[in-house]
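K.L.:
This is the structure I have questions about; it appears just below.
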Amino acid sequence: SRAFPLRRLLQPLLAARHVTLHTHVQADGDGTGSQAAVAAWLEGRGIRVSVVNPTPFPDSLRFVLHRQDLVADLGTPEADAALDDADLHLVLDTSEPGRIGGLAQRLDPARTLVVDHHPAGREVVGEVAVQDPSAAATGEMVYDLITLAGDPVPRASALGAYVALVSDTGSFRYGNTTPRVLAVAAELMTLGIDPEVVYRRLFATAPRRRLELLREALATLDSDEDGRIGWMVVPHEVAARLGATGEDFDGLSEHVRSVEGTEVALLFRETKPGETKISLRSNGAADVNAIAREFGGGGHVKAAGALVHEPAETLVPRVVEAVARALRG
Ligand code: 5GP
Ligand code: MN
Ligand code: MN
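Remember, the UniProt record's numbering sits 9 above the position in the sequence shown when you count from 1.
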């Protein structure tokens, strides 16, 4: 049970005056949903909260927050003021200094708590960290934390936890979809969450450029000889021409993984000239967390990523070779 470790967080959290909430660079539905859930809960307890992320809060996920003025992106005077005023920091959905950009220098480990569902890396940003890889999403742990406090789950927190679960389970389709996850989702529905509304906001509408990006990416679909490794490449010029943001790339690698016979799917996205983000997805035959770590990244066994200072052109063959090696065992 994760109740025991989470219990250690309640006393410091509920005794705080002002808590800043953080998640990893290029925030996703789990990180922001978890932030939204904690924010509404702590505010209900009369505790001040601020959301300070190392990269801009994604527009497409703004709906998850009960108040937009909670957000101050790192580097703004508002973010500095919040970080200076806060007596406690809570990092959600990562524990690694390398995943929180410029925040790593701003958080005093002695005043930083972590709630995360990734396997622990070498370095952890907070002195009190609860890391449970058996949780499908950080949002599932946050839901447990709120119920552990004995508090009713506010509706805004239910929305955050639900968005977190939907995001990290691929809408309740991936292997991390446990009976517990569905039970929590059912509970969140009872609290007023409408799955159709969330689906529409998260997936059923997207800017036109997102489909144009998909078209460009699909045109590069490639595989190794026996089709066990598949990949797509989006060069920097293409992303820049379309004005694609980080969120536009979410889910692209699923198209590669869906190709029959694919064991490992790769998406290479040049974030700027000479820098490439790799997304790795496995059907189980290879541990992509281990492969991502070879390139300075990490993640989960079936979904991982890395940011490498190298153009896609030279990086692609090196990563494909590393995956081939992993598949040979
Ligand atoms: P995505 O491919 O969707 O960006 O990331 C998949 C998973 O890989 C994320 O949930 C996260 O756990 C992990 N991940 C992605 N990029 C990085 C990275 O640069 N470093 C580490 N340590 N993990 C990453
Ligand atoms: Mn995440
Ligand atoms: Mn997550």
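Idealized CB from N, CA, C, for every residue including glycine.
With H, G and I counted as helix, E and B as strand and the rest as coil, what does DSSP make of D125?
P.N.:
D125: strand per DSSP, three-state reduction.
K.L.:
Output the distance between the C-alpha atoms of P21 and G130, rounded to the nearest integer angstrom.
P.N.:
24 angstroms
K.L.:
Do D39 and D177 have their CB atoms nearer than 8 angstroms?
P.N.:
Yes.
K.L.:
Out of A315, S10, R334 and G293, which one is the CA nearest neighbour of M150?
P.N.:
S10
K.L.:
Counting only the same chain and skipping the five closest in sequence on each side, list residues whose C-beta sits under 7 angstroms from that of E52.
P.N.:
V58
K.L.:
For R26, does the count of other Cβ atoms within 10 angstroms reach 16, so buried, or fall short, so exposed?
P.N.:
Residue burial annotation: R26 is exposed, with fewer than 16 other C-beta atoms found within 10 angstroms of its C-beta.
K.L.:
Any heavy atom of ligand 2 closer than 7 angstroms to the CB of D37?
P.N.:
Result yes, Cβ under 7 angstroms from ligand 2.
K.L.:
Should E136 and P118 be called a contact, given that it needs their Cβ atoms to be closer than 8 angstroms?
P.N.:
yes
K.L.:
Is R76 near ligand 1 - that is, is its Cβ less than 7 angstroms away from at least one heavy atom of it?
P.N.:
No, Cβ of R76 sits at least 7 angstroms from all heavy atoms of ligand 1.
K.L.:
Cβ atoms of G270 and P219: under 8 angstroms apart, would you say?
P.N.:
Before going on, a small fix: residue 219 reads as Arg here, not Pro. Result no, Cβ atoms of R219 and G270 do not sit closer than 8 angstroms.
K.L.:
Go to S176, then tell me how far its alpha helix (DSSP H) extends in each direction, as first and last residue.
P.N.:
R164 to D177
K.L.:
Taking 6 angstroms as the limit, tell me which residues put their C-beta closer than that to any heavy atom of ligand 1, in chain order.
P.N.:
E105, R108, H127, S288, G306, G307, G308, H309, A312, A313, G314, A315 and L316
K.L.:
Relative to the C-alpha of A226, which residue among P204, F258 and M198 is closest?
P.N.:
F258
K.L.:
Ligand 2 and D141: does the residue's C-beta get closer than 7 angstroms to at least one heavy atom of that ligand?
P.N.:
No, since every heavy atom of ligand 2 falls outside the 7 angstroms radius drawn around the Cβ of D141.
K.L.:
From V317 to V265, what does the alpha carbon distance come to, in whole angstroms?
P.N.:
Rounded to the nearest angstrom, the two C-alpha atoms are 21 angstroms apart.
K.L.:
Considering Cα atoms alone, identify which of R290, V80, H33 and F72 is closest to V172.
P.N.:
F72
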